[in-house]
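Residue numbers (this note's numbering), protein chains in the order written: chain A, 1 to 177; chain B, 1001 to 1218.
Heads up, the thing below is written out as structure tokens.
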Amino acid sequence: MNTGQPNWKRIALNLATVLVRWLLGAVFLYTGLSKALHPADFLKLVRQYDLVQNSLFLNAIAAALPWFETFCGLLLLAGVAVRGTALTLMLMLVPFTTLVFHRALAIQSALGIAFCAVKFDCGCGTGPEFICRKLAENFLLVLLSGWLLTGHGRQFSLRFDLIKSRSRQRGSDVIRE
Amino acid sequence: MQSGSPDRQPAVKWVLLEAVLVAVIGAVFALAANRISPRGLALTRNYFPEGTGRLVSAAPPADRSHNAAGTNSRAFDPTQLLAAELKEKGLQLIDRSQAMQLFHDPRFKQDMVVFVDARDEQPYREGHIPGAYEFDPYHPEKYFDAVLPVCKAAEQIVVYCNGGDCDDSETAAILLRDIGIANRKLVVYGGGITEWITNSLPVEIGGRNSGDVRNPGK
Chain A
1 MNTGQPNWKR
11 IALNLATVLV
21 RWLLGAVFLY
31 TGLSKALHPA
41 DFLKLVRQYD
51 LVQNSLFLNA
61 IAAALPWFET
71 FCGLLLLAGV
81 AVRGTALTLM
91 LMLVPFTTLV
101 FHRALAIQSA
111 LGIAFCAVKF
121 DCGCGTGPEF
131 ICRKLAENFL
141 LVLLSGWLLT
151 GHGRQFSLRF
161 DLIKSRSRQR
171 GSDVIRE
Chain B
1001 MQSGSPDRQP
1011 AVKWVLLEAV
1021 LVAVIGAVFA
1031 LAANRISPRG
1041 LALTRNYFPE
1051 GTGRLVSAAP
1061 PADRSHNAAG
1071 TNSRAFDPTQ
1081 LLAAELKEKG
1091 LQLIDRSQAM
1101 QLFHDPRFKQ
1111 DMVVFVDARD
1121 EQPYREGHIP
1131 GAYEFDPYHP
1141 EKYFDAVLPV
1151 CKAAEQIVVY
1161 CNGGDCDDSE
1171 TAAILLRDIG
1181 IANRKLVVYG
1191 GGITEWITNS
1201 LPVEIGGRNS
1211 GDVRNPGK
């Protein structure tokens, strides 16, 4: 019910969501560029996961992934296709975090040390990190991406919905009114 | 600018479609950016000939001593492991005293003994073994003109990188071998620039023969 009073709860939620979007955008822009500027180093790190044996696929992953992250970071900062970008990032983060986890387990097993004492460069763009911290960071990134899927915080966005169906357009019109 | 928050959730299918569009456009953008970037990777090149790399997955479990960052360690002899790995690939490992001997060899002045630095441009410029040629094996085309004739004429070629976990010297040596440099000439200095600097040996700052030679430990 609109009482004419500002809905502070909603304003706070929208503001927080915009900040989350900018934070996520900045994180992916930074990590993407830090890898894109040193693609050979990233190639070596990707290779350690033994994902693919074919050099063409390996090169394509190492060449494209950093720029793809950069692209997603830019979209989030500008507020373009926000939910689609957030979903794409979630779909990237979940399997990648699983790979990092498995690699940490392999290192732990090889070295016979505590799981949280495992420290390595996972190719995440932030250099060598303790695995428990890395997993917590990735979990947080997944949560924040999920938050953006709620569709709040449309302020300061160039084109929040890339695809504007008629029904969605009507919805937006209603919101503006 | 848009304002407000949605009164109703958009259909899931539109978000999915948006995600697919982001993925497709993002992939095209990423490959184009890699293509344009001067540091971009060549998709069709095999950067790891003959399975180069001293990585966790490549080492037998009993000998696994480090991860990618080299931050975990267990008692073992890394030099022996490295020598065995290089031998498997037909390459010979040399230690610091042999590297120093070659550095002071009179043939070094006539480019009959050549040092090749397999790191990329920035660390090379920050300090390399004096007179060493820059040869980043991930962008070899930039260096072929300068390095190939010298390596063909040389009697001994010492390839090095950072040392420790770094396997770029191995990659560079195999690359040089693959393009026709005789294997007998090639040796890998396993300790690399880190060991060289740690022992207060001279390093050259900037380009090759810049004249700016310093002894870091002195």
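Ideal placement from N, C-alpha and C gives every residue a C-beta, glycine not left out.
For my contact list, residue i and residue j are in at a C-beta cut-off of 8 Å; report their separation, rounded to the angstrom.
i, j, result
"ASN59 of chain A", "LEU43 of chain A", "7 Å"
"CYS1161 of chain B", "ARG1119 of chain B", "5 Å"
"LEU1016 of chain B", "ALA81 of chain A", "Incorrect: roughly 12 Å between the Cβ atoms, too far for contact."
"PHE71 of chain A", "GLY1180 of chain B", "The Cβ separation is near 41 Å, so there is no contact."
"VAL1187 of chain B", "VAL1158 of chain B", "6 Å"
Under 8 Å between C-beta atoms, does residue i make it to chain B?
i, result
"THR210 of chain A", "Nothing about residue 210 of chain A can be reported from this structure: the residues present for chain A run from 1 to 177 only."
"ASN59 of chain A", "yes"
"GLY84 of chain A", "yes"
"CYS72 of chain A", "yes"
"ALA62 of chain A", "yes"
"ARG133 of chain A", "no"
"LEU76 of chain A", "no"
"GLY26 of chain A", "Looking at the sequence shown, residue 26 of chain A is not Gly but Ala. No - not a single Cβ of chain B is within 8 Å of the one on ALA26 of chain A."
"PRO95 of chain A", "no"
Going straight from the alpha carbon of residue i to that of residue j, what length do you get?
i, j, result
"LEU20 of chain A", "CYS122 of chain A", "The sequence as given places Val at residue 20 of chain A; Leu does not occur at that position. In a straight line, the C-alpha of VAL20 of chain A is about 24 Å away from that of CYS122 of chain A."
"ARG1039 of chain B", "HIS1139 of chain B", "8 Å"
"PRO66 of chain A", "LYS35 of chain A", "6 Å"
"TRP107 of chain A", "LEU1081 of chain B", "Note on identity: in this sequence residue 107 of chain A is Ile, with Trp being the wrong assignment. So the alpha carbons of these two residues sit roughly 18 Å apart."
"ALA64 of chain A", "LEU1102 of chain B", "42 Å"
"ASP1212 of chain B", "ASP1095 of chain B", "25 Å"
"ASN54 of chain A", "PRO39 of chain A", "18 Å"
"ALA1062 of chain B", "ILE1205 of chain B", "Note on ALA1062 of chain B: pLDDT 35, under 50, position unreliable in the model; no value is reported."
"ASN1067 of chain B", "LYS119 of chain A", "Low confidence applies here, because ASN1067 of chain B scores a pLDDT of 38, under 50, leaving its location unreliable and the question unanswered by this model."
"GLY127 of chain A", "GLY1163 of chain B", "18 Å"
"VAL1012 of chain B", "ASP1165 of chain B", "47 Å"
"GLN1092 of chain B", "ASN1183 of chain B", "9 Å"
"TRP1196 of chain B", "ALA1132 of chain B", "13 Å"
"ALA114 of chain A", "THR1198 of chain B", "31 Å"
"LEU15 of chain A", "GLY79 of chain A", "13 Å"
"VAL18 of chain A", "GLN155 of chain A", "7 Å"
"MET1112 of chain B", "ALA1033 of chain B", "41 Å"
"LEU56 of chain A", "LEU45 of chain A", "16 Å"
"ALA12 of chain A", "HIS152 of chain A", "10 Å"
Would you mind working out which of the options sits nearest residue i, comparing C-alpha positions?
i, options, result
"ALA1083 of chain B", "B:GLU1195, B:GLY1191, B:ASP1105", "B:GLY1191"
"SER1210 of chain B", "B:ASN1034, B:GLN1080, B:ALA1027, B:PRO1130", "B:PRO1130"
"TRP224 of chain A", "A:LEU24, A:THR126, A:GLU137", "Given a span of 1 to 177 for chain A in the structure shown, any question on residue 224 of chain A remains unanswerable."
"SER1200 of chain B", "B:THR1044, B:ASN1215, B:PHE1048, B:ILE1181", "B:ASN1215"
"ARG1045 of chain B", "B:GLY1207, B:LEU1175, B:LYS1185, B:LEU1186", "B:LEU1175"
"ALA62 of chain A", "B:LEU1043, B:THR1079, B:PHE1048", "B:LEU1043"
Does the distance between the C-beta of residue i and the nearest non-hydrogen atom of the ligand GTP fall short of 7 Å?
i, result
"LEU89 of chain A", "Questions concerning the ligand GTP fall outside what the structure shown contains, since it holds no ligand whatsoever."
For residue i and chain A, any beta-carbon pair shorter than 8 Å?
i, result
"ARG951 of chain B", "Residue 951 of chain B is absent from the structure shown; chain B starts at 1001 and stops at 1218."
"ALA1173 of chain B", "no"
"VAL1219 of chain B", "Outside the modelled stretch of chain B, which goes from 1001 to 1218, sits residue 1219 of chain B, for which no answer is possible."
"ASN1162 of chain B", "no"
"ASP1120 of chain B", "yes"
"ARG1107 of chain B", "no"
"PHE1144 of chain B", "no"
"VAL1022 of chain B", "yes"
"PHE1029 of chain B", "yes"
"GLY1090 of chain B", "no"
Every unbroken alpha helix (DSSP H) within the region 34 to 116 of chain A, with a cutoff of 4 residues, ordered by chain: Those alpha helix (DSSP H) runs which fall completely within the region 34 to 116 of chain A and span 4+ residues are 39 to 47, 55 to 78, 82 to 111.
Length at least 3, wholly inside the region 1090 to 1131 of chain B: the beta strand (DSSP E) runs in chain order: 1092 to 1094, 1113 to 1117
Uninterrupted beta strand (DSSP E) stretches inside the region 1143 to 1177 of chain B (no shorter than 3 residues): 1156 to 1160
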